[in-house]
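Asker: Take this structure, written in structure tokens, and hold onto it; I'll ask about it next.
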Amino acid sequence: MSSNKARADSLSLLLFTLRSGKLMAINLLKVSEIIPCPPLTKLPESHPHVKGIATLRGASLSVIDLSRAIGERPLEDPNGGCLIVTDVSRSKQGLHVQAVSKIVHCLTTDIKPPPFGSGGSRAYITGVTSVDGTLVQVLDIEKVIHGIAPAQIDMAPTELSMEDAEVLGNARILVVDDSQVALQQSVHTLRNLGLQCHTARSAKEAIDCLLDLQGTAQQINLIVSDIEMSEMDGYAFTRTLRETPDFAHLYVLLHTSLDSAMNSEKARLAGANGVLTKFSSPELTHCLIEAAKHVAAQGY
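Take UniProt numbering: the last position of the sequence shown gets the number 300, and nothing is skipped along the way.
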């Protein structure tokens, strides 16, 4: 198995601009709708990056000033622009942007990791691509949301039955996610269970890790992987594993910020053992226990 051979899936991106005019993108599957910016109600003591609350078909919607959230200049007309309504990680929010440009279709192999020097862990992008010769930055929406309303993760040790603790103790886990925030959330849950794990920021890096550990005492038997990743997404990564004799048996849990019901059939067809929507520490714990039991039953 070569880590340089990426499997390609199709991907639709919604392109939009902020005040600077540079093109940014978000996965279209994360977008519920696009609407003109409605009147907003400002709540006292709200986060400075939350412009206010909009009412959308009788439901309240928090509106994020995306320009401020990612450290750019505010929009020239604070009441203009439009809202990209997103459905991510079990919550809806509106992103206030200058304008929506268009929808483009590309391959996951067209999305490259952020270039060196682009901000590292401080950057609010997960990848870059080129559209008609123009550089487009793919937004890390999970990091934006986490900066405003971090997911609550109980850092107290989780109470496990003796049986569950024993079976988890035999799991050798690799967590794969190109979002630093999402990766840290998963690692915190594992540490809360008293577990150590290996991590990777891309499918290519994950394959390199699997190859390095193969035949050692730390040989991986359980993978928790994001779906949306640059160059090779979680589906293609899973199919690659299933086609590789040494790794075809690995338990693969796909962990996604998209609605897992939307992705369950595609995950099954790719060969994944399960799919889970981010981020719920109790649900991830339950899935890990079930995965570890499956691995133990298979003798791995």
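C-beta: ideal position from N, C-alpha, C; glycine also.
Every value quoted in this text rests on a predicted model; they were computed, and no experiment measured them.
Can you list, in chain order, the residues of its chain whose CB lies under 8 Å from that of P74, leaving out five sequence neighbours each side?
Answerer: Start at 1 with the first residue of the sequence shown, and residue 74 comes out as number 74. R19, D65, S67, R68, listed in sequence order.
Asker: For the pair the region 32 to 48 and the region 131 to 143, tell me if three or more CB-CB distances fall below 8 Å.
Answerer: no
Asker: For D9, tell me which candidate among I227, E265, S281, A99 has the shortest Cα-Cα distance.
Answerer: Taking the first residue of the sequence shown as 1, we reach residue 9 at position 9. Nearest option by C-alpha distance: I227.
Asker: Which value, in whole angstroms, describes the spacing of the CA atoms of K204 and M24?
Answerer: Here residue 204 corresponds to residue number 204 of the sequence shown, with the count starting at 1. Here residue 24 corresponds to residue number 24 of the sequence shown, with the count starting at 1. Looking at the two C-alpha atoms, the distance is approximately 24 Å.
Asker: What are the boundary residues of the alpha helix (DSSP H) that K204 is part of?
Answerer: Position 204 of the sequence shown, counted from the start, is the residue given in the question as residue 204. Looking at the DSSP string, the run of the alpha helix (DSSP H) that includes K204 is 203 to 213.
Asker: How is D178 classed by DSSP in three states: helix, strand or coil?
Answerer: Position 178 of the sequence shown, counted from the first residue, corresponds to residue 178. It is coil, neither helix nor strand.
Asker: Please give the ranges of any alpha helix (DSSP H) in the region 17 to 105, keeping only runs that are unbroken, at least 4 residues long and fully inside the region.
Answerer: 66 to 69
Asker: Would DSSP call H198 helix, strand or coil?
Answerer: Numbered from its first residue, the sequence shown carries residue 198 at position 198. Looking at H198 - three-state DSSP - the assignment turns out to be strand.
Asker: Among T238, L254, H255, T256, which has the Cα closest to the Cα of A248?
Answerer: Your numbering for residue 248 matches position 248 in the sequence shown. A248 has its Cα closest to that of T238, out of T238, L254, H255, T256.
Asker: Under 6 Å Cβ to Cβ from A171, same chain only, skipping five residues before and after it: list those, please.
Answerer: Position 171 of the sequence shown, counting from 1, holds the residue named residue 171. So the list reads L222, A292, once near-sequence residues are dropped.
Asker: Thinking just about the alpha-carbon of each residue, which of P78, V181, D110, V131 is nearest to the one in residue 308?
Answerer: In this structure the chain extends from 1 to 300, so residue 308 is not present and cannot be described.
Asker: Is the beta carbon of S62 sitting closer than 8 Å to the one on G94?
Answerer: Within the sequence shown, residue 62 is the residue found at index 62, counting from 1. Within the sequence shown, residue 94 is the residue found at index 94, counting from 1. Going by beta carbons, S62 and G94 fall inside the 8 Å limit.
Asker: Okay, do the region 276 to 293 and the region 85 to 105 touch, 3+ Cβ pairs below 8 Å being the bar?
Answerer: yes
Asker: Taking the beta carbon of S230 as the centre, do at least 16 other beta carbons fall within 10 Å, making it buried, or is it exposed?
Answerer: On the sequence shown, position 230 is the one that residue 230 refers to. Answer is buried; the Cβ neighbour count reaches 16.
Asker: Please classify H105 as buried or exposed, where buried requires at least 16 other C-beta atoms within 10 Å of its C-beta.
Answerer: Counting from 1 along the sequence shown, the entry for residue 105 is found at position 105. Exposed, by the Cβ-count rule.
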